[in-house]
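Data block below; observations after.
Number of protein chains: 2
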Amino acid sequence: MVKYMKRCHDRHEKVVEFRQPEELNKLINFELKDTPEDLATVIDYCRETLNYCVKTGHPRFFNQLYGGMDIVGLCGQWLSATANTSMYTYEVAPIFVLMERAVLRHMGQLVGFSDGDGIFAPGGSLSNMYAISLARHKKFPTSKMEGLFSLPRMAILTSKHSHYSFKKGAYFMGFGLNNVVMINCDAKGRMLASDLENQIIHLQSQGIAPILVNATSGTTVFGAFDPLDEIADICQKYDLWLHVDAAWGGAIILSAEKRHLMKGMHRIDSISWNPHKFMGCPFQCSAFLTKKKGLLEECHGIPASYLFQKDKMTYDISYDTGNKSIQCGRHVDIMKLWLMWKAKGDQGFTKKLHHAYEISNYLTEKIRNRDGFELVVEPVYVSICFWYIPTAIRNLSDGDVKRRKLSQVAPQIKAGMTKRGSMLVGYQPMDDKVNFFRMIILNSATTFDDMDFILDEIESLGERIEFVQNGFHNP
Amino acid sequence: MVKYMKRCHDRHEKVVEFRQPEELNKLINFELKDTPEDLATVIDYCRETLNYCVKTGHPRFFNQLYGGMDIVGLCGQWLSATANTSMYTYEVAPIFVLMERAVLRHMGQLVGFSDGDGIFAPGGSLSNMYAISLARHKKFPTSKMEGLFSLPRMAILTSKHSHYSFKKGAYFMGFGLNNVVMINCDAKGRMLASDLENQIIHLQSQGIAPILVNATSGTTVFGAFDPLDEIADICQKYDLWLHVDAAWGGAIILSAEKRHLMKGMHRIDSISWNPHKFMGCPFQCSAFLTKKKGLLEECHGIPASYLFQKDKMTYDISYDTGNKSIQCGRHVDIMKLWLMWKAKGDQGFTKKLHHAYEISNYLTEKIRNRDGFELVVEPVYVSICFWYIPTAIRNLSDGDVKRRKLSQVAPQIKAGMTKRGSMLVGYQPMDDKVNFFRMIILNSATTFDDMDFILDEIESLGERIEFVQNGFHNP
């Protein structure tokens, strides 16, 4: 594994040694059998796994909202894996329960909750669902016993640029996708507070009860920050739960310089903040924090006499966390984060953030000034969205023909970089904008030179696209 | 960590070096600050963590439905932590996606699903919620878009001895706790099929729609197995989704000798089976399997253009798993299990199970024949439930006085063993039975001698309880 870690930091190594599923199936025998295989073969499997997995710690992996390789965090993860326990009681996780309390308290204070509560969840989607759960319980406390059947139709409001987990949650939690109201955004991807208010009024006029407004701090594609103060005014006026999905953007809370993007955050009711994203904590690590102490337990507490014995004579059972959770067993996600935070302090994360901003600013400037590259939106965070427009279509007039051709450029270039293994960058369409690249900058090992490299690489791949009658030909 | 692993296998080492929360808070500085701490201190924290965490790998840890230390599984966990990625796409998790497919296929075949589907979830509670989700969607497909608001009241049926996650799920997913119907059990903790049918008829007469019956294979306390064939007959008659919560008991599928406890399992619609429980896979590892191919995606699929690009030119996107999940990012829980299975084969797990049965049979026999010990129920699995009745109350006549005194014995002994750190065994009340011990036997390192040790230790602690006016005095 040490060799692997070195490979992740060597720019001569590929980001991925890509193989098609059918090829990998030939290279590695995945099938399980009745009989054991020998240890040498098992060790070979480990080697092959590290060979064919995507090197997310590589400085040229820009594909997801996570990446990099934090050695302290990784040690924390190995260590808690070795301890192999569950977070539900102090009895079996004494030290981890206290770590979680300390981290939640610290994160809560940074957000501005003086005496809040929280829990670590298996990912931001479930953290967001915790918010929906609390909001529902606060507005309709009978729903815990009776469900939604005899209650008025409820709605969740979130922006068109927000994360799809609100839809997943709405389905899963019994609201239905049609009861997620998508609020319009401005050109920069920020929720339009005026549209939010209009939608609330419209819902209420139909007898539908809005229960939660989600504002996003760091949208998934543009990295936009919704205007929290304006949205908080509206939520206050209509008595609505205000949740902030800061899974991606929450890290800016650690920068005095950038914190203004979340101005008003002390007024919110809850927040999702994923240290496994920008902060570089190994996957999974997602915090859900709320201002309302006791509500998590009020919602999710179910007596389980075999776990939460009220007559325990060993310790104060208020340290048990199981009744706050919708899970029973809960993975120890806290050790790695706590250890990283000890080793870095707030300052370490702030430095990481400012470094990423420097690299992002450099890249943005290059895109702005280089032929064939075009920003999709002016970035405010470390997500940089841009098109590459190959020479062959650069002078076409704007219109459907150009759009159709341009929409095929990013997938072609992506296929090319994947085959080469030289780097990984994501792409997607958004609103009326056809496929564009989204560069995520968060790895502290990434340099200015890497930015030049990726632009050269995109250009080199983009210029090799051969235009054919019905689309593009893969070089 | 190697030293720690050795300590976990040394019977002279304590299972836990127990400290009260306030003591631990003094021993370790949990607070996070703005400034970093030096590396030596961070390494000290690692050492202290291993010192004060509960040694769940110790052969005298019998406290939870997990434990032991499988070195191959642990290596798999370290390795996938190092690879640090998410399961949602083949793009970023190629090798892990193929491992998951192979394991799900193998587990599905063992259950008797010829062409099923499945997903790994963060724990059995969420696996059980997947079952509720599929059952709801099958019966009321409009709920995906419209939610539960205009639908008839729905009910979930599960036994009184089943896991509390059905209540958590019923709350979370919008059904409400009152719509979980608890079916009566026989004296051995098995669901009474006759009561199930009565309840279904009763619900239907009230216009309530039952949507899912959960049968448990390996209940949390008694380790009982509900009669699947009888329950399947009823579900077939009333066209109800039959889910089996085999989180704890699923391992018996790997034993030709014991498989009869789940006779009829090929007839079920879905199953939760947690390899992190009996099979000894490091925590978390929970499989959800269903016979109905395609339904997971039909329920949980939400287009997310930034992840599941339909115009990907690199590979066949049917390998992406994100649309089956209610999560977005999903932890790699598969590597450790896949590697263990390669190293053991089915046979290795079968051997582990038969070893645990041998130890359990030995313990059961001892309890049956030793003064002061009494079985709560005849065990069919590796959960052994029993009382210790101290000499001082052994000859009291049955009645409230004896019950009140007996109910305080287990908590007292538990407090004593925790302080000594000599072993850990859980306890709880159940139905009309006051607090009793529940021994969980799953660690392959556990021996017959350990069983003698625990009975001696319980007796020694139990005899030292001093009876005082209003209860017991802690020795």
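Line by line, the protein sequences give chains A and B.
By the working numbering, the letter at position 381 of the first sequence is numbered 381, and the numbering carries on one by one without gaps.
Quick note: to get the working numbering, add 1000 to the position in the second sequence (first position is 1).
Just so you know, even glycine gets a beta-carbon here, dropped at the ideal spot from N, CA and C.
Within 10 Å of its beta-carbon, does residue i have 16 or more other beta-carbons around it, so buried, or fewer, so exposed?
i: A:S397; result: exposed
i: B:G1223; result: buried
i: A:F386; result: buried
i: A:R438; result: buried
i: A:E91; result: buried
i: A:H202; result: exposed
i: B:D1245; result: buried
i: B:M1129; result: buried
i: B:P1390; result: buried
i: A:G294; result: exposed
i: B:Q1236; result: exposed
i: A:L27; result: exposed
i: A:N323; result: buried
i: B:H1012; result: exposed
i: A:Q428; result: buried
Taking only beta-carbon positions, decide if residue i is within less than 7 Å of chain A.
i: B:N1214; result: no
i: B:H1331; result: yes
i: B:T1314; result: yes
i: B:T1082; result: yes
i: B:W1341; result: yes
i: B:W1273; result: no
i: B:E1037; result: yes
i: B:V1042; result: yes
i: B:A1209; result: no
i: B:N1128; result: no
From the beta carbon of residue i, is the nearest beta carbon of chain B less than 7 Å away?
i: A:I317; result: no
i: A:H106; result: yes
i: A:K292; result: no
i: A:A246; result: no
i: A:L337; result: no
i: A:D346; result: yes
i: A:Q20; result: yes
i: A:V434; result: no
Under three-state DSSP, which class holds residue i?
i: B:P1429; result: strand
i: A:T446; result: coil
i: B:G1169; result: helix
i: B:F1453; result: helix
i: B:N1142; result: According to the sequence displayed, residue 1142 of chain B carries Thr and not Asn. B:T1142 falls in the coil class under three-state DSSP.
i: B:I1132; result: helix
i: B:I1028; result: coil
i: A:I119; result: strand
i: B:A1083; result: helix
i: A:R19; result: coil
i: A:Q89; result: It should be pointed out that residue 89 of chain A corresponds to Thr in this sequence rather than to Gln. Three-state result, A:T89: coil.
i: A:T158; result: strand
i: B:V1376; result: coil
i: A:A102; result: helix
i: B:R1368; result: helix
i: B:I1183; result: strand
Using a Cβ-Cβ cut-off of 7 Å (strictly less than) and excluding sequence neighbours within five positions of residue i, which residues of its own chain qualify?
i: B:E1457; result: M1417, S1422 and M1423
i: B:G1112; result: M1265 and H1266
i: A:A193; result: P227, E230, I231 and I234
i: A:K419; result: F18
For residue i, which residues of its own chain have a beta-carbon under 6 Å away from its beta-carbon, when the five flanking residues on both sides are left out?
i: B:K1336; result: G1073, G1076, Q1077, C1281 and P1282
i: B:G1176; result: none
i: A:I326; result: H300
Only counting the same chain, and skipping five residues up and downstream in sequence, which positions put a Cβ closer than 8 Å to that of residue i?
i: B:K1310; result: I1317
i: A:H331; result: S86, M87, P122 and Q284
i: B:A1093; result: T1085, S1086, M1087 and V1332
i: A:R259; result: I252 and I253
i: B:R1060; result: R1011, V1015, S1422, M1423, L1424, T1446, D1450, F1453 and I1454
Can you list the residues of chain E that residue i reaches, using a CB-CB cut of under 8 Å?
i: B:R1438; result: Protein chains A and B are contained in the structure displayed, whereas chain E is not.
Item to complete: Ignoring anything shorter than 4 residues or poking outside the segment 388-422 of chain A, list the alpha helix (DSSP H) runs there in chain order.
Response: 391-394, 400-406 and 409-420
Item to complete: Just list the beta strand (DSSP E) runs in the segment 1187-1211 of chain B, keeping only unbroken ones of 3 residues or longer that don't cross its boundaries, in chain order.
Response: none
Worksheet entry | Runs of beta strand (DSSP E) lying entirely within the segment 224-304 of chain A, each at least 3 residues, in chain order | 241-245, 270-273 and 286-290
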